[in-house]
Amino acid sequence: MSVDAVAHAPPRRRTFIQRHEARLLSIVGVVGFLCLWELVVRIGLVDESVASSPTAIFEAARELAASGRLWQDTRITLLEFGLGFALALVFGVLAGVVAGVSRRGSYLINPWLEVLYATPLIALTPMFILWFGIGTTFKVVLGALVGLFPIAVNVRAGVQATEASLVTVANSFGASRAKAFLSVVVPGTVPYLFSGIHQAAGRVLVAVVIGELLASNQGLGFMIAFAGQTFNIPNLMVAIVVLAAIGTLTAHLFVALEKRFARWRPVQSAERRNNP
Amino acid sequence: MVALEDVSLQVEQGEFVTLVGPSGCGKSTLLSMVAGLLQPSSGDVLIKDRVVDGPGRDRAMVFQDSSLFPWFTVLRNASYGLYCQDVPRKEAIERARKVVELVGLGSFENHYPHELSGGMQQRLNLARALAVDPDILLMDEPFAALDPQTREMMQAELLRIWEPGGKTVLFVTHAIQEAVYLSDRVIVMSARPGRIIADIPIEIPRPRPFANKRDKLFLRYEDDVWNLLTDEMTATMQRELTAGEPT
Amino acid sequence: MPTLWFVASLVVLIVAWQAAVEAELVSRLLFSSPSAVVEAAVSEVQVSRFWTDILATTTEFVLGFGLSVVVGVPVGLILGTQDRVRYLVGPLVDALNSTPQIAFLPLVLVWVGPTGRAAVVIAFLSAVAAVIINTQDGVKTVEPRFLAVARSFGASRTQTFVTVLLPATVPFVIAGLRIGVGHALVSVFVAELFVASSGIGKMIELAGQTLHTERVYLGTLVFIAIGLALFTVVRIVEGRLQHWRPREGGEL
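Chains as they are written, first to last, in this note's numbering: chain A, 534 to 809; chain B, 194 to 440; chain C, 35 to 286.
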């Protein structure tokens, strides 16, 4: 054989369109979808009374925003979500740390943690409605419960992962147990914590919405249910869009937080997507 | 960015030729071009006077970190190249079985790669390439991930398996001793952009037992290559440290 | 040892519950009692309506989830391999994935009416986004070294797809299925509670309205049992499809 060659890396001269292909196509996709929807409804292919249309939804959104009703219901949902999530965070981290650090604690907590993590806790909704009645409380408690376990399980995993190898290193430099914990375990657990938070956020939002759909007279879930009963599809869609916005924003927020606080650890793409 | 500058190389059928050089000198690029996985921006690769423009049945590559398919058994991995060539299943399995025997993995046919040690995985890697019976074997630092003892054993194994066959081997490595031990010729390349600095015929008769590695002649060849490389490696290291990023 | 503790603590809880109700510390109306639940279980098990309800819930789930797999996996494969299609359609799938899909339930009811079919549709919607996205991710993260091997041996596009892409994607598809099962299950449950037309949800809803608290508890337990059974099935399927993987943290 004979080789007679020069090799270059390929030149990087691409046109504007080629460089921004992904973003442009995405915009085209979304805009195209909306236009198609509007068109299909206008020409009567699909009945407006069941599908509404982007323009009608936009109108309804303006009205609801102007009258203040939109913000009222959104505020309730955000409140319930925030409270539930906060409780899940506090108790989840607590449980996770105890289960990860203390041997005895882990014996006590682990079996329950495993079982309840795998159980569809939303099933408890009817029972909660029974106990707490209709109102904010049962939604917050349900949300807290649903969000607690992903956080606890992930924090435990983080604590366990860091304890073993890294603490040995800290100890070899003469650090006390407390110092080792603060300087090694805490930062090391952060990426796991954020992974857990990411999972929990989606679940808590779902729990809150379910609670509002089933047994509430306030909140976005209620707004959807009520609009459904009164066949007010535009209003229904507005609420869905607001929920979608909340869901997307929190998801992006947590991915950004994950990137920021776990800069030294690559964010795996499949992890990002595990948004239950 | 130029990876290879003006490389001109002739290899005869049946020769064992090794490329050595500092990181980034383009030896893997060269290998990929011969394999047909990369196109040179100018010039060409000729095999038996025909231009190479893609992968072909006359060549097979042994990759660096074992790129064995974890979801296939040893036998299925070994027969992969034959499968790609649409060889009928029975024949493919038979031929694969023979190569698997040859490399010493006969009792592991139905195991999965994760159950094999590093050395065994590289044997399978080799078997997979041999199964398609290529004229030319292209080996890209196949032993780099092995511990030193396993690595030396595998060098001897490679020679044992290769010697009777008459295949041409183009081998890439960082380890100078390995290059001298295995090859008929050692090609020394410069730092990026890669050029050929020297083409050293290794006039040590075969078969080559391990003891050779302590021989005066052997050590002299090692020395020669090392001296040629030292300047190049220093240049690369300097560049790396001043540029603020690894090559 | 941990199982012993778990069982023991469970028993203690149940006994405490019974004691609390008998001592009138908590309202029998709200909390029922273990004995009442067991009684209800015994009587329900003998009634065909109970089994019809279980069958209805399970069927709705299987149909909804099954559809999401049949649709979701191919779509995920397409989105993973065809970049342009992914740019176009991706944002819409992402939006669906980020939204609590259960919010679509009233809309679905408007479309198909207050029947069990609504549960199937909402289960489908809830699961399909997760399946698509996880499958798509699996395709995109196939390791380049495997593709290089296929190319070097001259594999055709179909051969590469079958021998490299598909097997490499399996773990991701499984992850997506696992998430999808959870979503679909919850959606079926909520739909049944909301509409009270079929299944365990209906049973619970009716029991709640007629203040048969023990049946509410029973229904909840039955539903949790169904959920756990389904998760176990997924685990088993996962095991069969991935017997080539190393146990516990091995390198792929």
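Just so you know, even glycine gets a beta-carbon here, dropped at the ideal spot from N, CA and C.
Looking only at its chain, what residues have a beta carbon closer than 8 angstroms to the beta carbon of residue i, apart from the 5 residues adjacent to it on each side?
| i | result |
| --- | --- |
| Ala-598 of chain A | Trp-604 |
| Ile-136 of chain C | Ile-156, Ser-160, Val-220, Ser-221, Val-224 |
| Glu-205 of chain B | Thr-361 |
| Gln-232 of chain B | Met-226, Asp-246 |
For a contact meaning CB atoms closer than 8 angstroms, what does residue i contact in chain A?
| i | result |
| --- | --- |
| Gly-147 of chain C | Simply none; closest approach about 11 angstroms. |
| Thr-93 of chain C | What Thr-93 of chain C touches in chain A: nothing, since even the nearest Cβ is about 18 angstroms away. |
| Leu-219 of chain C | Pro-653 |
Locate the alpha helix (DSSP H) running through residue i, then write down its first and last residues.
| i | result |
| --- | --- |
| Ala-784 of chain A | 766 to 794 |
| Ser-235 of chain B | Not the alpha helix (DSSP H): Ser-235 of chain B falls in the beta strand (DSSP E), residues 235 to 240. |
| Ile-167 of chain C | 150 to 174 |
| Val-718 of chain A | Element bounds for Val-718 of chain A: n/a, residue is neither H nor E. |
| Asp-128 of chain C | 117 to 132 |
| Arg-279 of chain C | From DSSP, Arg-279 of chain C is part of no alpha helix (DSSP H); its letter is neither H nor E. |
| Leu-47 of chain C | 36 to 56 |
| Gly-274 of chain B | 273 to 277 |
| Phe-223 of chain C | 200 to 229 |
| Asn-750 of chain A | Counting along the chain, Asn-750 of chain A falls outside any alpha helix (DSSP H), and DSSP gives it neither H nor E. |
Could you give the residue range of the beta strand (DSSP E) that holds residue i?
| i | result |
| --- | --- |
| Arg-252 of chain B | 252 to 255 |
| Arg-407 of chain B | From DSSP, Arg-407 of chain B is part of no beta strand (DSSP E); its letter is neither H nor E. |
| Val-362 of chain B | 361 to 366 |
| Arg-378 of chain B | 378 to 382 |
Please work out which residues of its chain come closer than 7 angstroms, Cβ to Cβ, to residue i, disregarding the five sequence neighbours upstream and downstream, and give them in chain order.
| i | result |
| --- | --- |
| Phe-727 of chain A | Phe-787, Leu-790, Glu-791, Phe-794, Ala-795 |
| Gly-249 of chain B | Gly-229 |
| Ser-102 of chain C | Phe-158, Ala-161, Val-162, Val-165, Gly-214, Ala-218 |
| Leu-227 of chain C | Gly-235, Ile-238, Glu-239 |
Name the chain C residues that come within less than 7 angstroms of residue i, Cβ to Cβ?
| i | result |
| --- | --- |
| Tyr-725 of chain A | Those within 7 angstroms of Tyr-725 of chain A in chain C number zero; the least Cβ separation is about 15 angstroms. |
| Asn-643 of chain A | Pro-36 |
| Gly-274 of chain B | Phe-187 |
| Ala-632 of chain A | In chain order: nothing, as chain C lies at least about 12 angstroms away. |
Return the chain-ordered list of same chain residues with a C-beta closer than 6 angstroms to the C-beta of residue i, the five sequence neighbours on each side being excluded.
| i | result |
| --- | --- |
| Ala-772 of chain A | Leu-753, Met-756, Ile-757 |
| Ala-740 of chain A | Leu-675, Gly-676, Val-679 |
| Ala-70 of chain C | Glu-248 |
| Gly-219 of chain B | Ala-196, Leu-197, Gly-387 |
| Val-154 of chain C | Glu-94, Leu-97, Gly-98 |
Quick check on DSSP: helix, strand or coil for residue i?
| i | result |
| --- | --- |
| Gly-601 of chain A | coil |
| Glu-198 of chain B | strand |
| Gly-387 of chain B | strand |
| Thr-211 of chain B | strand |
| Val-631 of chain A | helix |
| Met-332 of chain B | strand |
| Asp-417 of chain B | helix |
| Pro-394 of chain B | strand |
| Val-536 of chain A | strand |
| Val-81 of chain C | coil |
| Val-325 of chain B | coil |
| Arg-401 of chain B | coil |
| Val-267 of chain B | helix |
| Gln-232 of chain B | coil |
Residues of chain A with CB closer than 9 angstroms to the CB of residue i, please, in chain order.
| i | result |
| --- | --- |
| Phe-158 of chain C | The premise fails here: Phe-158 of chain C is roughly 16 angstroms from chain A at the closest Cβ pair, so nothing lies under 9 angstroms. |
Closer than 9 angstroms by beta-carbon distance: list the chain C residues that pair up with residue i, in chain order.
| i | result |
| --- | --- |
| Phe-209 of chain B | Ordered by position in chain C, no residue passes the 9 angstroms Cβ test against Phe-209 of chain B, which lies about 20 angstroms from the chain. |
| Glu-554 of chain A | Asp-117, Arg-118, Tyr-121 |
Quick one: which chain B residues come within Cβ less than 9 angstroms of residue i?
| i | result |
| --- | --- |
| Pro-201 of chain C | Phe-262, Pro-263, Trp-264, Phe-265 |
| Trp-39 of chain C | What Trp-39 of chain C touches in chain B: nothing, since even the nearest Cβ is about 35 angstroms away. |
Going along chain A in order, which residues have a C-beta closer than 7 angstroms to the C-beta of residue i?
| i | result |
| --- | --- |
| Ile-329 of chain B | Met-534 |
| Val-204 of chain B | Met-534 |
| Ala-230 of chain C | Simply none; closest approach about 11 angstroms. |
| Phe-223 of chain C | Ile-655, Ala-656 |
Please list, in chain order, the chain C residues whose beta carbon lies closer than 8 angstroms to that of residue i.
| i | result |
| --- | --- |
| Pro-811 of chain A | With chain A covering only 534 through 809, there is no way to say anything about residue 811 of chain A. |
| Tyr-650 of chain A | In chain order: nothing, as chain C lies at least about 11 angstroms away. |
| Ser-559 of chain A | Tyr-121, Leu-122, Gly-124, Pro-125 |
### Task
May I ask you to list, following chain order, the residues of the stretch 171 to 192 of chain C that have a beta carbon less than 9 angstroms from some beta carbon of chain B?
Residues of the stretch 171 to 192 of chain C that bring their beta carbon within less than 9 angstroms of a beta carbon in chain B comprise Glu-177, Arg-179, Phe-180, Ala-182, Val-183, Ala-184, Arg-185, Ser-186, Phe-187, Gly-188, Ala-189, Ser-190, in sequence order.
### Task
Taking only beta carbons into account, state which residues of the stretch 214 to 247 of chain B come closer than 7 angstroms to chain C, listed in chain order.
Of all residues in the stretch 214 to 247 of chain B, Ala-228, Leu-230 have a Cβ within less than 7 angstroms of some Cβ in chain C.
### Query
When you check each C-beta in the stretch 265 to 279 of chain C against every C-beta of chain B, which residues fall closer than 9 angstroms?
So the list reads Gln-276, His-277, Trp-278, Arg-279, given in the order they occur along the chain.
### Query
Listed in chain order, which residues of the stretch 248 to 262 of chain C have Cβ atoms closer than 8 angstroms to some Cβ of chain A?
Hits within the stretch, in order: Val-250, Tyr-251, Gly-253, Thr-254, Phe-257, Ile-258, Gly-261, Leu-262.
### Task
Check each residue of the stretch 57 to 77 of chain C: if its Cβ is closer than 7 angstroms to any Cβ of chain A, include it; give the result in chain order.
The residues in question are Leu-64.
### Task
Check distances from the C-beta atoms of the stretch 131 to 155 of chain C to those of chain A and list, in chain order, the residues that come in under 8 angstroms.
Asn-131, Ser-132, Thr-133, Pro-134, Ile-136, Ala-137, Phe-138, Leu-139, Pro-140, Leu-141, Leu-143, Val-144, Trp-145: these are the residues of the stretch 131 to 155 of chain C whose beta carbon lies less than 8 angstroms from some beta carbon of chain A, given in chain order.
### Message
Please list, in chain order, the residues of the stretch 723 to 752 of chain A that have any C-beta partner in chain C closer than 7 angstroms.
### Response
Result list: Leu-738, Val-739, Val-742, Ile-743, Leu-746, Leu-747.
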